[in-house]
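Colleague: Submitted below is the structure of interest, expressed as structure tokens.
In our numbering, the protein residues as written are 141 to 399.
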């Protein structure tokens, strides 16, 4: 069957490795275009290579569609591939040159889809979004409480960091990233209030080591779920292929008996 032949080609390691190499080559090409001295003197060459890559990606998507049939559009990553390629064909020349060059950068994201381990990781992150709602609410409450307390305690001493609620929230965001929070924020305040360290240490302990670990726990849990889903999908695809082959054998046997 023609569909099975396309599936064999598309799922072959050589085919997948070739696509990865083309994506990486496209990434290097886009990087070189950021150098005006290189791009301006070789504009036609870059345009020719880009059009060649665009058609190669189009052929690849057409082959995968032929291999998967209607199930091709059930996957969000396939929709992403189609949109990137179609926009590359639409935005050509004229006022859309800048848009086209930006879209070339987005093709690099296709490496995430082609490499199974990266795809599972991104799928896990997407699955994490609904689960993070309660954690985000908890973190918002936590930030708000500490921001109000910090504004009340340090607004007069350090107005550039704690002058109002939004400035304090921005300062707390810097503190929770652990970026120069001790030397840049806490120690100058300890010259005016020696107990200021209690506020910052408690915020770091709760914000960084507890809430961020909740984020990590949810992500790890969803990575495991994504791996399980990937295994189930792979098994179902194998079963579908076996079922199609059995159906073909049954039809061949019926024809032989009838003849």
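Glycine is no exception: its CB is placed at the ideal position from the N, C-alpha and C atoms.
If distances are taken between C-alpha atoms only, which option among 194, 361 and 392 comes closest to residue 250?
Modeller: For the purposes of this step, residue 250 is taken as residue 110 along the chain shown, with counting starting at 1. It is 194 whose Cα lies nearest to the Cα of residue 250.
Colleague: State buried or exposed for residue 292, treating a residue as buried only when at least 16 other CB atoms are found within 10 Å of its CB.
Modeller: Against the chain shown, residue 292 aligns to sequence position 152. Result: exposed.
Colleague: Pull up the distance between the alpha-carbon of residue 303 and that of residue 295, whole angstroms please.
Modeller: On the chain shown, position 163 is the one that residue 303 refers to. On the chain shown, position 155 is the one that residue 295 refers to. Spanning the two alpha carbons is a distance of roughly 5 Å.
Colleague: Could you pull the start and end residues of the alpha helix (DSSP H) that residue 195 belongs to?
Modeller: Locating residue 195 in the chain shown gives position 55, counting from the first residue. Segment 183-208, the alpha helix (DSSP H) holding residue 195.
Colleague: What separation, rounded to the nearest whole angstrom, lies between the Cα atoms of residue 150 and residue 256?
Modeller: Here residue 150 refers to the residue found at position 10 of the chain shown. Here residue 256 refers to the residue found at position 116 of the chain shown. Computed Cα separation, rounded: 14 Å.
Colleague: Do you know how far the Cα of residue 221 is from the Cα of residue 201?
Modeller: In the chain shown, residue 201 corresponds to position 61, counting from 1. In the chain shown, residue 221 corresponds to position 81, counting from 1. Taking the straight line from one Cα to the other gives about 8 Å.
Colleague: For residue 268, tell me which candidate among 359, 178, 306 and 208 has the shortest Cα-Cα distance.
Modeller: On the chain shown, position 128 is the one that residue 268 refers to. Ranking the options by Cα distance to residue 268, first place goes to 359.
Colleague: Spatial neighbours of residue 311 within its chain, please: C-beta separation below 8 Å, excluding the five flanking residues on both sides.
Modeller: Along the chain shown, read from residue 1 onward, the residue named residue 311 stands at position 171. Once the five neighbours on either side are set aside, the close Cβ partners of residue 311 are 290, 301, 302 and 325.
Colleague: Assuming contact is defined by CB atoms lying nearer than 8 Å, are residue 259 and residue 248 in contact in what I supplied?
Modeller: Position 119 of the chain shown, counted from the first residue, corresponds to residue 259. Position 108 of the chain shown, counted from the first residue, corresponds to residue 248. Contact flag unset, no.
Colleague: According to DSSP, is residue 382 helix, strand or coil?
Modeller: To locate residue 382, count along the chain shown from 1; it is residue 242. Helix at residue 382.
Colleague: Assuming residue 156 and residue 254 form a contact by the criterion Cβ under 8 Å, report the distance between their Cβ atoms to the nearest whole angstrom.
Modeller: Here residue 156 refers to the residue found at position 16 when the chain shown is read from its first residue. Here residue 254 refers to the residue found at position 114 when the chain shown is read from its first residue. Correct: roughly 6 Å between the Cβ atoms.
Colleague: Could you give the distance in angstroms between the alpha-carbon of residue 233 and the alpha-carbon of residue 305?
Modeller: One-based indexing of the chain shown puts residue 233 at position 93. One-based indexing of the chain shown puts residue 305 at position 165. Residue confidence for residue 233 is low, a pLDDT of 48 falling below 50, so the modelled location carries little weight and cannot support an answer.
Colleague: Would you decide whether residue 177 is buried or exposed? Buried here means 16 or more other CB atoms lie within 10 Å of its CB.
Modeller: Along the chain shown, read from residue 1 onward, the residue named residue 177 stands at position 37. Classification for residue 177: exposed.
Colleague: Spatial neighbours of residue 185 within its chain, please: CB distance less than 7 Å, with the 5 preceding and 5 following residues excluded, ordered by chain position.
Modeller: By 1-based counting over the chain shown, the position of residue 185 is 45. None.
Colleague: Which ranges would you report for the alpha helix (DSSP H) in the segment 238-285 if only whole runs of at least 4 residues count?
Modeller: Here the runs fully enclosed are 250-254 and 256-271.
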